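Residue numbers (full-length UniProt numbering): 1 to 66. Every residue gets a Cβ at the ideal spot worked out from N, C-alpha and C, and that includes glycine. Just so we're clear, the structure is a prediction, and the values are computed from it rather than from any experiment.
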Amino acid sequence: MTLKVYADRMSQPSRAVIIFCKLNGIDFEEVRVDLSKRQQLTPEFREINPMKKLPAIVDGRFKLFE
1 MTLKVYADRM
11 SQPSRAVIIF
21 CKLNGIDFEE
31 VRVDLSKRQQ
41 LTPEFREINP
51 MKKLPAIVDG
61 RFKLFE
């Protein structure tokens, strides 16, 4: 299973997580969530992060978010 990073590159915290993964050679899939279109408020994203904030990381059944 690949680590999934839910992010919007306009978000500084999202960019920080992406840069961290790249610098440390962590294989990940970037899943883009467009904040300007309020995609973080969808029911699908709420299942990933009930706080509806970015970034969020999913590794199998483990979910990490702020």
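- Alpha carbon to alpha carbon, how far is Y6 from D28? Give it in angstroms, no decimals. It should be pointed out that residue 28 corresponds to Phe in this sequence rather than to Asp. The alpha-carbon atoms of F28 and Y6 are separated by roughly 10 angstroms.
- Are there 16 or more other CB atoms within 10 angstroms of the CB of Q12, so buried, or fewer, so exposed? Exposed is the call here.
- Message: Buried or exposed for A56, going by 16 or more other Cβ atoms inside 10 Å?
- Response: Result: buried.
- Message: Can you give me the C-alpha to C-alpha distance between E66 and S14, rounded to a whole angstrom?
- Response: In this structure, the CA atom of E66 is about 11 angstroms from the CA atom of S14.
- Tell me R38's beta-bridge partners as DSSP assigns them. DSSP, once it has assigned bridges, lists no residue as partnering R38.
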